[in-house]
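Novice: Chains as they are written, first to last, in the working numbering: chain A, 1 to 106; chain U, 1001 to 1106. Positions of the beta carbon are idealized from the N, C-alpha and C atoms, including for glycine. Keep in mind the model is a prediction, meaning the values are calculated, not measured.
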DNA sequence: TATTTGTGAAGCCGATCGGTTGCGCATGTA
DNA sequence: TACATGCGCAACCGATCGGCTTCACAAATA
């Protein structure tokens, strides 16, 4: 089963989990308190996020603390870059056009 | 069926379509040439993207040109902002810590 | 030691996904 | 008028999703 970060953030619950554990490491039970679904479902989401290599985990006794590897969010940012680039190019062209029009006017 | 932009970009084919029609408007047939799936599948993807209000379309005779409303990509960018903010805060705190350490040293 | 607590894994289930084929229909063209 | 083309829609299908319940097991606690 091939997973990627875009699939990871497709689910709204998973997005909310990511935001939670971006700030601080949390246990599955701790996370589950914020939602109306079972602890096991949360665990399943954490497993998916782990498979995307988005999580760091640290065991403390019988508790496991999960935290977002926040720098992984850059992958999305990088994907967005192509659109920013296109927007930028259009802006440049528009600028060029305005410049040309202005010169014609004179 | 509730759709959002995060679900829209979850599928790799859909992401590729978005990139294609970000540059210029294209017909379903034109888009389909770039993929190994049927024209109908492409249409299905376009429908999903439309439901997320990501597309502008223009009819020309029997052809329909689809184009990405590129500014809609900002929604993803805005979601990423929360993580940027957290990173920034950590950087500030680190800076503060280094400053404190430096003063103690003196 | 016996019990409680925190966790992951497995199996179930209805809903959805992402592809397919087979239409119907409007628009161009011979 | 007849035919070809471009398109959307509906039905089908196997795979996956995102919940759930049940279980096993290790760690903490009585």
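Name, in chain order, the residues that DSSP records as bridge partners for residue 1064 of chain U.
Specialist: Taking the first residue of the second chain as 1, we reach residue 1064 of chain U at position 64. U:1059.
Novice: Distance check for residue 87 of chain A and residue 1021 of chain U, CA to CA, integer angstroms please.
Specialist: As a first step, residue 1021 of chain U must be located in the second chain, where it is residue number 21. As a first step, residue 87 of chain A must be located in the first chain, where it is residue number 87. Computed Cα separation, rounded: 13 Å.
Novice: Express the C-alpha separation of residue 43 of chain A and residue 64 of chain A in angstroms, rounding to a whole number.
Specialist: Taking the first chain and counting its residues from 1, one reaches residue 64 of chain A at position 64. Taking the first chain and counting its residues from 1, one reaches residue 43 of chain A at position 43. Approximately 11 Å, taken between the alpha carbons.
Novice: Can you check which of these residues, U:1008, U:1005, U:1083, is closest to residue 67 of chain A by C-alpha distance?
Specialist: Working through the first chain from its first residue, we reach residue 67 of chain A at position 67. When only C-alpha atoms are compared, the closest one is U:1083.
Novice: Mind listing the chain A neighbours of residue 1047 of chain U? Cutoff is C-beta to C-beta under 9 Å, in chain order.
Specialist: Along the second chain, read from residue 1 onward, the residue named residue 1047 of chain U stands at position 47. In chain order: nothing, as chain A lies at least about 17 Å away.
Novice: Tell me the DSSP bridge mates of residue 1026 of chain U?
Specialist: Working through the second chain from its first residue, we reach residue 1026 of chain U at position 26. DSSP lists U:1066 as partners of residue 1026 of chain U.
Novice: Ignore the nearest five residues each way along the sequence and tell me which others in residue 55 of chain A's own chain have a CB closer than 6 Å to its CB.
Specialist: The residue you call residue 55 of chain A lines up with position 55 of the first chain. Once the five neighbours on either side are set aside, the close Cβ partners of residue 55 of chain A are 49, 66.
Novice: Please list, in chain order, the residues of the stretch 60 to 89 of chain A that have any C-beta partner in chain U closer than 7 Å.
Specialist: Listed by position, the residues of the stretch 60 to 89 of chain A near chain U (Cβ gap below 7 Å) are 70, 73, 76, 77, 80, 82, 83, 86, 87.
Novice: Is the stretch 12 to 20 of chain A in contact with the stretch 28 to 40 of chain A, if contact means three or more CB pairs nearer than 8 Å?
Specialist: As far as the Cβ criterion goes, the stretch 12 to 20 of chain A touches the stretch 28 to 40 of chain A, which means the pair count is three or higher.
Novice: For residue 51 of chain A, report the span of its alpha helix (DSSP H) as first-last.
Specialist: Position 51 of the first chain, counted from the first residue, corresponds to residue 51 of chain A. Here the alpha helix (DSSP H) through residue 51 of chain A covers 39 to 51.
Novice: On the criterion of 16 or more Cβ atoms from any shown chain inside 10 Å, does residue 1046 of chain U qualify as buried, or is it exposed?
Specialist: One-based indexing of the second chain puts residue 1046 of chain U at position 46. Result: buried.
Novice: What does residue 7 of chain A reach in chain U if we use C-beta pairs closer than 7 Å?
Specialist: Locating residue 7 of chain A in the first chain gives position 7, where the first residue counts as 1. Here the neighbours are 1010.
Novice: Classify residue 6 of chain A: buried if its beta carbon has 16 or more other beta carbons within 10 angstroms, exposed otherwise.
Specialist: Position 6 of the first chain holds residue 6 of chain A. Its Cβ being crowded by 16 or more others within 10 Å, residue 6 of chain A is buried.
Novice: Measure the alpha-carbon distance for residue 69 of chain A versus residue 8 of chain A and round it to whole angstroms.
Specialist: Along the first chain, one-based indexing puts residue 69 of chain A at 69. Along the first chain, one-based indexing puts residue 8 of chain A at 8. Near 13 Å, if we compare the C-alpha coordinates of residue 8 of chain A and residue 69 of chain A.
Novice: For the alpha helix (DSSP H) containing residue 6 of chain A, list its first residue and its last residue.
Specialist: Numbered from 1 along the first chain, position 6 holds the residue referred to as residue 6 of chain A. Residues 5 to 8.
Novice: By the 10 Å Cβ neighbour count, where 16 or more other Cβ atoms means buried, how is residue 1090 of chain U classified, buried or exposed?
Specialist: On the second chain, position 90 is the one that residue 1090 of chain U refers to. Label assigned to residue 1090 of chain U: exposed.
Novice: How should residue 1062 of chain U be labelled, buried or exposed, when 16 other C-beta atoms within 10 angstroms of its C-beta is the threshold for buried?
Specialist: Walking along the second chain from the start, residue 1062 of chain U turns up at place 62. Residue 1062 of chain U comes out exposed.
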